[in-house]
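Residue numbers (our numbering), protein chains in the order written: chain A, 65 to 849; chain B, 1074 to 1424.
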């Protein structure tokens, strides 16, 4: 088929080409062959079809190129082609001839059809002409009459208008009477153009009268607009009418809005009353189960009114929405401002909730009317701020409470009242911290558990706020503690020993209280609060998880642990500083090199012991007892004193004097064999540890002071006597006897080294002097008490 | 932190309080120290750190007539030094010259250049201007501050000016500003005061009691370090004398001596009566802007300022001196007469 197809196609195509070349005027525009398969043949064969075909050349070409067989074949081919072309040509001629014949037939038929048409057309024209002439006649006949009628009609209209205008005042009056202001306005507006054109001449009276009437109408309309008793519909109508009358409605609107704003201010006052009232009612009507008290109800009514007004204005002035929105937002803002003020005072969460609830109710009321104001969102934002403020103020109050608890007693003491006790301060402040924190948490939980829609949305925020609040609170508390301890340090230091005694003492106590309080916070308060927070304030997550929870108890614990140590060390430092001062006075004042023979134990010993007693008193109030102390107390009994054990004393004295007598080398040797006594150990939060640390530090200071002096024999003996006297009471107060013994010995050794003639007192004399001193103290005690 | 066995020791025969770096000796790292013995014959030891830094060699041993309470080496002549001494009751101060040694060690006599004998009270210390050759000398006793004009060749010292501060203020020591030849800081019972030597008037004062020792930072102007009995170490900026710019906790008991490193301006060394020597690193921004919070934060600073605590001592450490020649070496002297020379090199890299 395909083989067959190709030559067939080829053939038809060539025929078409030939035909078209035949018909076309320009033989050069013969269609070029498009099938590529034909192209190679084209060069030789197609030339035969072109006009520039040269038969001789072609012949030569063929003869040259092909052999006889080829030529013969070519001849056969050509003959066939020529035959084909011949038949094609015949076919074409025949077809075209046929078409020509049918065309001639059609033309002949048309000719016969047209022949009768012309006469018909001429008749028609005639008829139309006659119709036209007749109608022209009728027209001319009726023209005059028509003109007359038209004139009459115009006059009638004019007359009617004049009549209307003359009647206008009366009609307007009627309208006023019947309050049909809409009609009146319509009439007046209708007459308006005439008044404008002829108002100054013919219809002056008329115009005046009607204008008077209109003035009344306008007044009435305004009245209507302003009167709250009218229905909103009526007021809206009045506004529309006024607008139609070109009355300056904008100013009216402004006045109305002003009025509304004023009523807003009134509303504001009511809010305040309400909050005040709620404070009052808290005391008076605590058991009242009705949540809405009387002022609240009143407030609600007024807000409802306001909302109604908003609705009305919305309808009356459709274009005033923006202003209304602003007004409503103003109201909410003011509400929250008041809340903010209110929050600054000391209020509990229930009160805040009450206020917020009222506000939310208002907001919902207004939202119904003025949805575009997006009041809930707006108030949500404001509530965020308010809650934040509340949390902040709550914490600042708590801080204030605690610092009050700490300083009040301190202040009272400064005024001269003697019966203050550090214990009370500690207990109060402990309570202030723990109870206060718990109260705060309880409060916040109340807020959190409330199902007020406003707050439900803020739940996460509140949780975060509370956590953050605690974190910041404890940091602030630490800072505050530092301030408390730091503020008083400079003045007390500058004061002399005697002047500063009172203030100093109280202050040192305060530092000790702070130390113990820090420990309490770290060990008791923080875990409790953490527990509480975990129970009811977990979640949050507004901050994002990568930041972790806002409240980091570990960090706070660390802060307070270090603060506690700091305060404890500060306390010890302050106490030893005072003792150092005492010792410094003792050692720098006399001329040791010309010291007189010791007659009695020097009074600085009393002062020293007195200081220690004061420290012991303070410490006993604040710090817990250590275990070792307890055991010692039991074993020692209550009546143990230096006198009850003279033998042991003597032995000690002897050994000491011997050591004092020994030379430097010997002491060095002795030191070598003696285990190095750990003098400075870490301070613990126990009575004994603190006291013994202070004693040890003081004795070390004593040693250092001694080393700076040069003594004669009597000076040395004085030191020996004083130290010997100190030995017993110190050992009673201090848990680490070995260290105290060592240090006391060191003092005597130091003194002997710095003595030109170190001959110690004989033990009997030493004992005698000590006994004398003891006896004297005993005498003083009963006389004092 | 504990231990510090890297130090090399040297024993004096008697108790001692003071040690000084021999600044003028540029060939060796040497220290000079004197004993404090009431009854025995006192000695001055010139000690040199051996070239390998492994031992201390006694370079010279001289007898000194009285117990030495203060000793300072002349910053421009390695053979000259000053001592403050007492003989039980009375105090004296003198400038000494070490005699030429020629290799012998058998206690030749020190040559006394001159005595500073205008004092009546307890002499506290003698100050040389630390930054180089200067013919002036300051001596401080309890009540008076003397400015001497020293002529070593003529062997004379004359009082150029003096100022009495009165009975009430007990002068306890002082330091000469290495940045300003006319400024000297003196410590009182209740304050530190800076004096202008030209007018002998107070120019500045810091209200701070119980200052044991004071040292100017040789690298930074206006910076002063003080050691206090109980309050540890304070670093001051003289332009802001109200509050210290930094406070370091100091020692368990008193902080007795404090010395700024001559080369690394943040390194501070302190010696205490708790038988420890502590090496501190002051905060870097010690000149400005941390005044307020440093008061609150200093004890809880994130970076512990204490670099190391050398605790290899048997008794209170009173003497402390950096070597100028090798600024990573310091010598310390405890009361029992033990000199320990340590290097702080391991801590320099941490800066």
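Beta carbons are placed, not taken as given, at the ideal position from N, Cα and C, and that holds for glycine.
Give the DSSP-derived three-state secondary structure of residue i in the structure shown.
i	result
residue 314 of chain A	helix
residue 26 of chain A	Past the boundaries of the shown model lies residue 26 of chain A; chain A is included only from 65 to 849, so the question cannot be answered.
residue 1112 of chain B	coil
residue 1118 of chain B	strand
residue 1348 of chain B	coil
residue 1191 of chain B	coil
residue 117 of chain A	coil
residue 350 of chain A	For residue 350 of chain A, the predicted structure reports a pLDDT of 35, less than 50, and the residue's modelled location is therefore unreliable. The matter cannot be settled from this model.
residue 1171 of chain B	coil
residue 1134 of chain B	strand
residue 1320 of chain B	strand
residue 679 of chain A	helix
residue 194 of chain A	helix
residue 543 of chain A	helix
residue 538 of chain A	helix
Buried or exposed, going by whether 16 or more other CB atoms sit within 10 Å of the CB of residue i?
i	result
residue 1156 of chain B	buried
residue 370 of chain A	buried
residue 245 of chain A	buried
residue 131 of chain A	exposed
residue 168 of chain A	exposed
residue 676 of chain A	buried
residue 623 of chain A	buried
residue 576 of chain A	buried
residue 753 of chain A	buried
residue 819 of chain A	buried
residue 764 of chain A	buried
residue 1306 of chain B	buried
residue 279 of chain A	exposed
residue 268 of chain A	exposed
residue 547 of chain A	exposed
Pick from the options: whose alpha carbon is nearest that of residue i?
i	options	result
residue 629 of chain A	A:585, A:645, A:672	A:585
residue 1382 of chain B	B:1345, B:1388, B:1096	B:1345
residue 516 of chain A	A:385, A:464, A:367, A:419	A:419
residue 679 of chain A	A:642, A:824, A:805	A:642
residue 1318 of chain B	B:1343, B:1329, B:1220, B:1357	B:1357
residue 1399 of chain B	B:1087, B:1407, B:1094	B:1094
residue 440 of chain A	A:615, A:158, A:433, A:427	A:427
residue 639 of chain A	A:615, A:673, A:219, A:655	A:673
residue 523 of chain A	A:448, A:594, A:688, A:768	A:448
residue 1113 of chain B	A:841, A:835, A:666, A:821	A:821
residue 645 of chain A	A:144, A:668, A:809	A:668
residue 504 of chain A	A:519, A:518, A:526, A:487	A:526
At 8 Å on the CB atoms, spell out the chain B contacts of residue i, in chain order.
i	result
residue 640 of chain A	1303
residue 817 of chain A	1088, 1111
residue 637 of chain A	1303, 1304
residue 644 of chain A	1283, 1302, 1303
residue 774 of chain A	1111, 1159, 1161, 1162
residue 820 of chain A	1111, 1112, 1161
Just to make sure I have the definition right: I need the residues of chain D whose C-beta is within less than 9 Å of the C-beta of residue i. Which are they?
i	result
residue 1309 of chain B	As a matter of chain content, chain D is missing from the structure shown, whose protein chains are A and B.
Report the CB separation of residue i from residue j in whole angstroms; it is logged as a contact under 8 Å.
i	j	result
residue 662 of chain A	residue 833 of chain A	7 Å
residue 302 of chain A	residue 285 of chain A	5 Å
residue 537 of chain A	residue 463 of chain A	7 Å
residue 583 of chain A	residue 749 of chain A	6 Å
Which chain A residues sit within Cβ distance under 7 Å of residue i?
i	result
residue 1162 of chain B	657
residue 1346 of chain B	764, 768
What does residue i touch in chain B if you count any residue whose Cβ is under 9 Å from its own?
i	result
residue 586 of chain A	Under the 9 Å cutoff, chain B gives no residues; its nearest Cβ is about 14 Å from residue 586 of chain A.
What residues from chain B crowd round residue i, counting only those whose CB sits closer than 7 Å?
i	result
residue 761 of chain A	1326
Kindly list, in the order they appear in chain A, the residues whose Cβ is closer than 9 Å to that of residue i.
i	result
residue 1389 of chain B	764, 767, 768, 771
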